[in-house]
Structure formats: C-alpha cells, structure tokens
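Each protein sequence line maps, in turn, to chains G and F. Counted from 1, the first sequence has number 225 at position 225 by the UniProt record's numbering; the numbering is strictly sequential. Counted from 1, the second sequence has number 38 at position 38 by the UniProt record's numbering; the numbering is strictly sequential. No residue lacks a Cβ here, since even glycine has one placed at the ideal position from N, Cα and C. Below is one structure; the comments refer to it alone.
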Amino acid sequence: MSRRTPLSLASLAALALPAGMAAAQSLTIGLASEPTAADPHYHKVTTNDAFSAHIFESLINRNAQMELIPGLAQSWRAVDDNTWELKLRQGVKFSNGEPFTSKDVLFTLCRVLNNETNVSRSYMEPAQSFSDVQTPDDYTVIIKSERPIPTMPNELARSLPIIWSGIAKFDKLRFAPKEGCGVTSPWPTVADFNTGKLSIGTGPYKLKSYVKGTGIEMERNEAYWGSKPHWKSVKMVPVPNAGPRLTGLMSGDYDVIESPAARDLPRIKDNSKLDFVATPSTRLIFFQPDAGRAQSPFAKAADGKNPLQDLRVRQAINMAIDRKAIVQRLMDGMATVANQYMPTGMFGSLDKPAEIKFDPEGAKKLLAEAGYPQGFELTLTTTNDRYINDGQIAQAVAQYLTRIGIKTTVDAQAAAIYFPKRAKREFSFAMGGWPSENGEASGLFQYWVATTDKDKGLGTSNYGGFSLPAFDQVFVPAMAQMDASARKAAYQQATQIALANVPLIPLHFESSIWAFKKGLSYEGRRDQYTLAMSVKPK
Amino acid sequence: MIVYILRRMVQSFLVLLAVSLVVFMAVYAVGDPIELLVSAEASDADRQAMIKRLGLDLPVWLQYWSFLTRAFQGDLGTSFVHGIPAIELIVQRFPATFELVVVAIGLTCLLGIPLGLIAGLFNDRPLGRGLMGGSVLGFSLPNFWQGMMLILMFAVWLQWLPSSGRGDTVNVLGVPLSLFTADGWSHVMLPAINLALGNIALVLRLTATGVMEAKTQEYVKFARAKGISERRILTRHILRNILIPVVTVIGMEFGTLIAYSTITETVFAWPGMGKLLIDSIYKLDRPVVVAYVMLVTFIFVMINLLVDLAYAVLDPRVQLQEAQ
Chain G
1 MSRRTPLSLA SLAALALPAG MAAAQSLTIG LASEPTAADP HYHKVTTNDA FSAHIFESLI
61 NRNAQMELIP GLAQSWRAVD DNTWELKLRQ GVKFSNGEPF TSKDVLFTLC RVLNNETNVS
121 RSYMEPAQSF SDVQTPDDYT VIIKSERPIP TMPNELARSL PIIWSGIAKF DKLRFAPKEG
181 CGVTSPWPTV ADFNTGKLSI GTGPYKLKSY VKGTGIEMER NEAYWGSKPH WKSVKMVPVP
241 NAGPRLTGLM SGDYDVIESP AARDLPRIKD NSKLDFVATP STRLIFFQPD AGRAQSPFAK
301 AADGKNPLQD LRVRQAINMA IDRKAIVQRL MDGMATVANQ YMPTGMFGSL DKPAEIKFDP
361 EGAKKLLAEA GYPQGFELTL TTTNDRYIND GQIAQAVAQY LTRIGIKTTV DAQAAAIYFP
421 KRAKREFSFA MGGWPSENGE ASGLFQYWVA TTDKDKGLGT SNYGGFSLPA FDQVFVPAMA
481 QMDASARKAA YQQATQIALA NVPLIPLHFE SSIWAFKKGL SYEGRRDQYT LAMSVKPK
Chain F
1 MIVYILRRMV QSFLVLLAVS LVVFMAVYAV GDPIELLVSA EASDADRQAM IKRLGLDLPV
61 WLQYWSFLTR AFQGDLGTSF VHGIPAIELI VQRFPATFEL VVVAIGLTCL LGIPLGLIAG
121 LFNDRPLGRG LMGGSVLGFS LPNFWQGMML ILMFAVWLQW LPSSGRGDTV NVLGVPLSLF
181 TADGWSHVML PAINLALGNI ALVLRLTATG VMEAKTQEYV KFARAKGISE RRILTRHILR
241 NILIPVVTVI GMEFGTLIAY STITETVFAW PGMGKLLIDS IYKLDRPVVV AYVMLVTFIF
301 VMINLLVDLA YAVLDPRVQL QEAQ
C-alpha cells in the first residue's frame, strides 16, 4: 500500500493536468503578501486595496499610469475652493442587482467615518475634513470640505471603495457622522465582509470565498457595466516567500506571481516558458540623515558634533554614491536612478532634473571644507526584508561613503524591529521607501520633508528632524492651491529647494515585477496593484 | 489516581501561567507593533486613538493583567492585524496542520518501522548497512533544503505534484478537509514527505538498534532453540518488546509537528498554524503569538498527562502517587 500510493497519486496528478488546462478562463495568482481582510475599509495597504479593487469600485478610477479616469463618477469639477461636484454614472448595478445611486456614496462615507473595527483609521484621513455632503438627486454628489483639497479626485480614487447601502438599516441618510448619519442598525464589521455576506460591490468580480492563509476565490460579475475581464474565475494564493512563489510558477501551480526576487530574474529570463514585466513604480528608496539634532547616536565626529547637520556633509554624501552602478549591478536594471524625489513625469516633479553627479573627489573636498578631512563614524541602518535588495543597497552605499573617508558600519534589521525604532528616532542614517500614493509630489514632501507639525499632519515621518522655513513657505501653501498650474509650479520650486538642501539622499525608484506564463501579458501598474483584470492572453 | 490527576492539573495550570508571563514579556520586548500597523500618513490623533484602542498605552503589567483576566473568560485577545479573535484565526488553521501531520506520522510508521526491522535484522549485510547509513542523511540534512529538493524534483522537473498550497477541500462536519479529494492528496504528499523524512530516519534507527539488541537476548535465543518460526519470533517476541520506546517517540513527535511544522509550512506555503505563527511574528501581532504559544503549551501539557496515565495502565509497577 505504502509503495503504491505515491505512484498512483502521481498518475492521478498527471491525468488531472490536461483537465486543468482545458478549464480555460480560470486564473491563479501567487501573491507576495496576504490581504488582511475582505472589508474594503479595513486597512490601507497596497495588498488590501488591490484585492478590494476587484470587488468594489471607487468614484474615480486610476489607469496603470495612475492617471485619473472616470469610475462610478462620470465627471467631477471644483465648484469653488471648498466644494466639489460629482456626476455619477447611471445604470450601474451592484452584484446583487440593486442600482447604484448617490445614497450609496453617502452611506460609504458615513461607514468609513464610523468604522470602529478597522486598523489605524486609515481610510478616514481625507473624509475627516469633509464638512458636508449633499445628494440633491440620485446621480449628483456635492462634497464640501473645511479646507481646500486640490487633490480631492486623487483622494476619492484611492480611499473610497463604494459599498452597498443596503447592508445596514436607516430611515433617512444624512451627512452627520457624529450622530451615525441616521443609520439605526449596528454598522457591519470586518467579519461580515470576510464571510462574503456583505461583500457586495459594483466591481468586475464577485467574492466567492476568502479563507485566511489559504486564498481568495472570485467569480466574474457578468452584470459589470464596464469592459468585462477575460477570466471567469480567479484564485489568489498568498505565498510570502519568493522561492516557493517562483517554483509554484515554474511547476504550473500559478499563472502569474507578483514580485519574484530580483536575484531570480536571470532564471526567469532564461526560461522559455516564462515571461515577466517590470514597471517603474513611484516608490523612492532613500536614506534619511538625522539633520535635526546636535547629537546623533550613530554619527560620531572628533569635534563631538553631529556632522549630518552640515549641509556640505549631506551634499558630499549625495555626490559620493554611484546610483547608476547600484541600479545596473545590484538591481539588474529593475530600477530607475533618482535625481529628484518624484519620478519625472509625475505631477509637480521636475521635467528635466539635473543629474546628481557621481564625484567622489568633489565629495572629499566638501567634507574637508566642512571640517572633516579625516571623515567621521556613521552607522547606516536598514531593513533587510522590506525593499528590493535593501540590505545590499546599504552595503553598497556604505562602501561609497568609505571611499570618501567616512568610517561606516551597516546595521540591517527585520522590518518588525526596524520601523518602531526608527519612529523613536534611534537611528542617524536610516533607509526609507515611499510611494507617492496620491500621484502628486506632495505625497512624499508632506510626510518626510516638511517641518513636523503633528496637528496639521505635516512631517509625520520626518524622523531626521529636518526643518527649513524656506521650503515650508513654498510647499505648505501649495497643498491648498486649487489652481493646478500654480500648484505644479510651487511643487517644482519646492523640489528645487529640497534638492539643494538634501533632506533625504535619493537613490532610485523601485520597479515592480510580475512574472507569468508565456502566452499571457500583464499591464504593469505604477501603484503596484496586482489585478486579475490586467492579465490578458496574448 | 484522582488525587494524582488533580495535582497534575494544578501543576499544568501553573506551567501555563508561567509560560504566559514569559511569552507576554518576550513578545512585548520585541517591539512596538503600532509603526507596522499605522501608515505614516496617519495623523497623530489617529495614531494615539489606535494605541489606546489596542491598549498599548497601558504599562506592561497592566496589559498583562487585562490579558489574564480576559483569558480566564476564554478570550485570548483579538488579532491586531486581522481584527478577529486570535483563537479563531488559529482554529481556522488547525485542520490543515492536523491533516499534514497525520499523513506525515502515517508515513513515519509505515516506512520507519518496517525499514528499521530490515536494517536491524540484516545489520551485517550491505542492505542493512545501507539503510542505516542512508538514515543519517534523513535527519542531518536541513529540513528546508530537503523541502526545496522535493519541490525541484517532483514539482518543477517531473511536474507530478503541485509545489505549494492546499488542494480542494470537502466539508466534513463543518471542518474543511482535503484528504477526501485526489487534489488534496496530491497537495499534501510533498510537504508530508518533507515532514516525515527526519522522523522516518529517527524511527528507523530506533527500531534497528532495538532489534539488534533483542536479537542477542536470551529470550530470543531460547525461542529459537524451541523451534519457533523466525516470523513469529520477529512479530511476537522482538517487535513487541522494542515497540514501547518507538511508540513514545512517535507520540512526542506528533505533538512537536502539530506545534512547530513551521519550516515545512513556509517552504510549501501550506496554510497551517506554523505559517500563521511566522506571519504573526513578522507583523508583531502580539495577541496571536501569545495565544498560539498558550494553546501549544496546553496541548503539550495534556499529551504529557495522558502519556503518564497510559504508562500506569500499561505497566502496573508505575506508582502514580510517587511519580511527580
């Protein structure tokens, strides 16, 4: 018996293979990380948002380049500085057949603001500054805010997946989040969405099952208003380790996988059965020098001061790094050199940024000018499991710094240990990575460069304590500038000021990689979402 | 007997209490989960609200105390990451791990004992020596490497079996089990072999040494002199005598595999409890880690209690009152 079992199983599996191939229109995707809930308002992380985008739609959608395109709203306009008007698409139905109207938008907003079972209130952020929401008719929504929000369309696109209003009871809905908006039954919780009972959206897919750790199964929504995706059924399996994920693809378990390890790319290139696509993302990888404190724990100079406070030192570090070499040799070309803080082409970035020249001699001279001809001691801290090749990048940068006379040590840690410590400002020169989620230059500057003002939500990740009034004076008013061309000009000016003062040492923009079977194609997305809708047979 | 069981239960309770304290403090020392949960975009007010909601603003002894009081009411906390009770998360994963371990232990018994018998009986011939030599590889090669090799051979090159995940499941009394489908079996084979290899080697060696020793014992020689068939000597006399330690080891391995088949589950992306533990440690999901260790300790304590009781039943010489 024991000898026969594996053999008969093998033949069974061999028989099952052609049958599996014949069941076309089904797609299996290997995910690098697992969504933490099926509730679209639970936790604002890329994995969750990408998953919920199959089932729930936003008022405004984004294409693969992160440009805004009409979604459940057909058009939108700013009526005045504090008012936006959206015209909704007519004839859209939820997956249970109910029509989509402005009531559902109001209901969704109220749920987001009253969601007690979420993580970190992450979806409430923009909605918290709404002062009123009116629905004059079924297909018009008017949003008023306390302060001007020029990026309102971007915010609506990225943080308001619309749910069906029928999942709670109410007499008359009105925008009064503090009083519960007129909802009389308890608000649905995360568990209600996980079971699929309340996962009712207007998206191209319907949720069939969501089992934690095992996977997600979805079915095509045949009544979808937009262009229907190719795949009738989709299965997503979380495989956090890159090795098993790639072997799963090679053995045919998965049709598409996200983020294969960069070190495995040559193997994918050499494999005649596989293909891949690499798309530049908006995620900037950078080092954040501790420029704000007179004493820093891991930057030690003979004079007892914190050398990173000196602009010339930061400039020297900036010039000492050969970004091209890092991108070509370490990243296998799967990254773009960063000469500014946002990718060229993104709203508010420079059209033609000057190249940050690799100039170790010039860097040495600057260091000597700053009073450190013999260099100083510096520890570079980094994660080793968060960004692509993060540990190796830190090693490379350390070597470049050694070359100009700075005595470097690299301290690589697990993300779970690293992030809490960085937040307590325990580092002197720490790696960071940040995608501009709202598609504008403000995304990075607001949190990482602006002077910290927690009440205004400024500089919340400014762990280096950088503060430059000249930058804030240009950047902060720009965030409320409704006129797009004026805002863009101000962002560009802020970029110039930042580049000259080096609050962060930019390295490169990561590329996102998807690998898949030959015969398929994937439209790589800047927002790093993995969508079944973007997988197409060739 | 009853006094003994009662005393053991008090002991078990104290063990659980001590473990909970150690684990709670250890997990607390690792780091603050708030930075992993809250995005950098969150306002400070939101961050504070979150810290308060999770009870992270309290001093550690107060956090531990509230954990204890809730644990007594059967609530081991709510997962920070998933927002549902930690125990529910673990229980959801239990069937997958249980299945995997049952198959692995099955393979261990079916292969380890017979092969051990052969190795022990023919220990002076190439067959026996080969088996003993080969078994060294079984537990000296790292588990994850064995797993990778299995995947490489059977999934990537031969493409006989899938490399990862769990197959189709069937609900049996509300529990999703995959051992009732062909697809499920094809998925479970590789990880089960990976888990079993080390144990097969262990059981093989244990059986073989037992047989080698028993072979030369007086009672076997006597039986042989009486003219009893070799087959009967083997099954009735040798096997019976050497099986006690083997069964003990298999029982202990059963518990260990249920609790810590982490590496195999990671390599094969098997959605079991071990993988949950690893994921939770990476995300500093404190309630899940603590609940997990508590549950596992409880299982071990129970297994030990049952083993001790079983000894008393099997061997009347064991005096429970004296055994502590």
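{"Asked": "Looking at the structure shown, is residue 367 of chain G part of a helix, part of a strand, or coil, going by DSSP?", "Found": "helix"}
{"Asked": "Check for me: the alpha helix (DSSP H) holding residue 409 of chain G runs from which residue to which?", "Found": "Residue 409 of chain G -> not in any alpha helix (DSSP H); beta strand (DSSP E) instead, spanning 407–413."}
{"Asked": "Run through DSSP, which three-state label would residue 160 of chain F get?", "Found": "coil"}
{"Asked": "At a cut of 8 Å, does the stretch 285–303 of chain F reach the stretch 13–22 of chain F through at least three beta carbon pairs?", "Found": "yes"}
{"Asked": "May I ask you to list, following chain order, the residues of the stretch 73–95 of chain F that have a beta carbon less than 8 Å from some beta carbon of chain G?", "Found": "80, 81, 82, 83, 84, 89, 92, 93"}
{"Asked": "Name the chain G residues that come within less than 9 Å of residue 179 of chain F, Cβ to Cβ?", "Found": "Result: empty, since nearest Cβ-Cβ is about 12 Å, beyond 9 Å."}
{"Asked": "Measure the Cβ-Cβ separation of residue 85 of chain G and residue 141 of chain G and say whether it is below 9 Å.", "Found": "yes"}
{"Asked": "Does chain A have any CB closer than 9 Å to the CB of residue 383 of chain G?", "Found": "No chain A appears in the structure shown, which is made up of the protein chains G and F."}
{"Asked": "What residues of chain F sit near residue 37 of chain G, judged by a beta carbon separation below 7 Å?", "Found": "82, 83"}
{"Asked": "Out of curiosity, what's the CA-to-CA distance linking residue 120 of chain F and residue 245 of chain F?", "Found": "16 Å"}
{"Asked": "Bridge partners for residue 506 of chain G per DSSP, in chain order?", "Found": "G/286"}
{"Asked": "According to DSSP, is residue 309 of chain G part of a helix, a strand, or is it coil?", "Found": "helix"}
{"Asked": "Threshold first: 4 residues or longer. Then list the alpha helix (DSSP H) segments lying entirely within the stretch 26–52 of chain F, N to C.", "Found": "34–37"}
{"Asked": "Would you say residue 173 of chain F reaches chain G, if we count a Cβ-Cβ gap shorter than 9 Å as a contact?", "Found": "no"}
{"Asked": "Which two residues bound the contiguous alpha helix (DSSP H) that contains residue 192 of chain G?", "Found": "190–194"}
{"Asked": "With a threshold of 8 Å, are at least 3 pairs of Cβ atoms found where one atom belongs to the stretch 73–92 of chain G and the other to the stretch 72–88 of chain F?", "Found": "no"}
{"Asked": "Give the DSSP-derived three-state secondary structure of residue 447 of chain G in the structure shown.", "Found": "helix"}
{"Asked": "Give, in chain order, every residue of the stretch 245–277 of chain G whose Cβ lies closer than 7 Å to some Cβ of chain F.", "Found": "247, 248, 250, 251, 252, 253"}
{"Asked": "Which residues of chain F have a Cβ atom closer than 8 Å to the Cβ of residue 417 of chain G, listed in chain order?", "Found": "30, 31"}
{"Asked": "I think residue 474 of chain G touches residue 486 of chain G, with their Cβ atoms under 8 Å apart; what is that distance to the nearest whole Å?", "Found": "The pair is not a contact, with the Cβ atoms about 12 Å apart (cut-off 8 Å)."}
{"Asked": "Excluding the five sequence neighbours on either side, which residues of its own chain have a C-beta within less than 7 Å of the C-beta of residue 193 of chain F, listed in chain order?", "Found": "107, 150"}
{"Asked": "For chain G, find out if any of its Cβ atoms is closer than 9 Å to the Cβ of residue 138 of chain F; answer yes or no.", "Found": "no"}
{"Asked": "Please confirm whether any heavy atom of the ligand PLP lies closer than 8 Å to the CB of residue 330 of chain G.", "Found": "Here there are no bound small molecules, and the ligand PLP is not part of this structure."}
{"Asked": "Indicate the three-state DSSP secondary structure (helix, strand or coil) for residue 5 of chain F in the structure shown.", "Found": "helix"}
{"Asked": "Within 10 Å of its beta-carbon, does residue 510 of chain G have 16 or more other beta-carbons around it, so buried, or fewer, so exposed?", "Found": "buried"}
{"Asked": "Counting Cβ pairs closer than 8 Å, one from the stretch 89–97 of chain F and one from the stretch 267–278 of chain F, do we hit at least three?", "Found": "yes"}
{"Asked": "Under 7 Å Cβ to Cβ from residue 415 of chain G, same chain only, skipping five residues before and after it: list those, please.", "Found": "383, 385, 386"}
{"Asked": "Grouping DSSP H, G and I as helix and E and B as strand, with all else coil, what is residue 153 of chain F?", "Found": "helix"}
{"Asked": "What would DSSP say about residue 380 of chain G, mapped onto helix, strand or coil?", "Found": "strand"}
{"Asked": "Please name the residue, chosen from G/345, G/479, G/81, that lies closest to residue 281 of chain G on a Cα-to-Cα basis.", "Found": "G/345"}
{"Asked": "Against chain F, with Cβ distances strictly below 9 Å, would residue 43 of chain G count as a contact?", "Found": "yes"}
{"Asked": "Taking only the alpha-carbon atoms, compute the straight-line gap between residue 328 of chain G and residue 334 of chain G and give it to the nearest angstrom.", "Found": "8 Å"}
{"Asked": "Which of the three DSSP states, helix, strand or coil, is assigned to residue 126 of chain F?", "Found": "helix"}
{"Asked": "Does the CB of residue 449 of chain G have a neighbour CB from chain F at under 9 Å?", "Found": "no"}
{"Asked": "Helix, strand or coil: which one does DSSP assign to residue 198 of chain G?", "Found": "coil"}
{"Asked": "Going along the chain, which residues of its own chain have a beta-carbon closer than 6 Å to the beta-carbon of residue 179 of chain F, five neighbours each way excluded?", "Found": "99"}
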